[in-house]
Amino acid sequence: MKTILIVDTSESDRRLMAGLLVKSGYEPIAVETMEAAKDEVAKLPPGAVIVTAIKFVRGTAQELINWQKTEGYGFPVVSIVDNLNPLDIADVMKDGGAVNIIQRPAMDKQLVETVGRYARPGRTMLLLHDELIPRQSEAFAVIERAIRNIAATDVNAVIFGECGSGKEQIAKEIYRLSSRSQKPCIVIEAGGAALVGNHDPANLRSEVLNRMEGYFKIAKTAVVVVTKIVVYCLPFTATYC
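As numbered in this note's numbering, residues 6 to 246 make up the sequence shown, in order.
Right, here's the structure in full:
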């Protein structure tokens with residue numbers, strides 16, 4: 006089921022929108038404050054959409070959009086406008102802001118159709134900088150198949166390779182194709198890798214394996230990329246390489 010987060014001060018309008026969405030097969034979550042909106046965004050599944058008023062309790066649509074960008078979330082935002090003020094519309098849609106608007110007086114006619122343009126059942130593609138460059142070789146074809154296979158599952162993966170061989174780009178490609186592509190991608194430089202995870206000398210495993218477990222634990226709903234060793238983690242998995 007596709008999840009829609011509603012952020013609006015008006016309780017009656019939240020109920021109206023939630024009812025319309027439920028009838029159309031969506032799973033709405035309705036909140037009224039910026040704090041609650043941030044908490045819910047962090048828990049949204051892939052393919053979700055945010056519907057937010059221009060202004061709400063202790064926040065605005067633009068502030069929520071900017072926070073999403075800062076935190077690395079990519080959920081599309083549809084903004085509710087009280088009137089067709091060109092300045093308000095231009096402000097909320099500028100610089101990669103809201104993807105569309107809904108007129109509050111016409112919510113019953115516009116909401117479901119507008120949300121349907123952006124809600125996705127599985128994933129939303131996210132374009133990343135420093136992308137993997139395709140090759141024509143047979144060896145690269147094998148890597149591509151492995152990337153697609155891993156991205157389609159909830160498994161942990163450790164990518165080994167020499168410095169400069171493209172481990173980080175492979176990890177990001179798995180991330181881009183996975184159902185977690187709207188969650189943050191965490192990159193940890195090799196110089197700080199030892200600060201991540203804890204080594205337990207009493208554990209019979211090596212220090213490297215103990216620290217890898219730490220990487221997986223902090224990843225949960227994200228991707229952790231460590232130069233020299235790349236860890237790709239999806240939630241609710243228990244296998245450590």
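Even glycine gets a Cβ: it sits at the ideal position worked out from N, Cα and C.
Per-residue DSSP class, three states only, for residue i
i	result
PHE61	strand
GLU16	helix
VAL160	coil
TYR180	helix
ALA35	strand
Backbone CA spacing between residue i and residue j [nearest angstrom]
i	j	result
GLY171	ALA47	29 angstroms
LEU10	GLU76	17 angstroms
ALA146	VAL160	21 angstroms
GLN174	LYS114	44 angstroms
MET22	GLY101	25 angstroms
CYS31	ALA157	Correcting the residue identity first, residue 31 is Tyr in this sequence and not Cys. So the two alpha carbons sit approximately 24 angstroms from each other.
ALA35	VAL12	6 angstroms
ALA103	LYS43	16 angstroms
SER184	PRO51	6 angstroms
ALA124	PRO33	12 angstroms
THR8	GLY24	13 angstroms
TYR180	ARG109	36 angstroms
GLU45	SER15	18 angstroms
ALA41	ARG19	14 angstroms
GLN67	PRO91	15 angstroms
SER142	ILE148	10 angstroms
PHE165	ARG140	19 angstroms
SER186	ASN215	27 angstroms
ARG2	LEU116	Here the chain covers residues 6 to 246 and nothing more, so residue 2 does not appear.
GLU265	LYS99	Residue coverage of the chain in this structure runs from 6 to 246, which leaves residue 265 outside it and unanswerable.
MET17	ALA111	Looking at the sequence provided, one finds Ser at residue 17 rather than Met. So the two alpha carbons sit approximately 14 angstroms from each other.
ALA95	CYS190	30 angstroms
Identified DSSP bridge partners for residue i
i	result
VAL54	ILE9
Under 9 angstroms between C-beta atoms of residue i and residue j
i	j	result
LEU137	LYS177	yes
VAL294	THR38	No answer is possible for residue 294: the residues shown for the chain start at 6 and end at 246.
ILE59	SER29	no
VAL86	ILE70	no
ARG150	LEU182	no
VAL97	VAL54	no
ILE155	ALA144	no
VAL120	LEU49	no
GLN73	GLY64	no
Length at least 4, wholly inside the segment 82 to 156: the alpha helix (DSSP H) runs in chain order: With a minimum length of 4 residues, the continuous alpha helix (DSSP H) runs that stay inside the segment 82 to 156 are 91 to 98, 112 to 121, 143 to 156.
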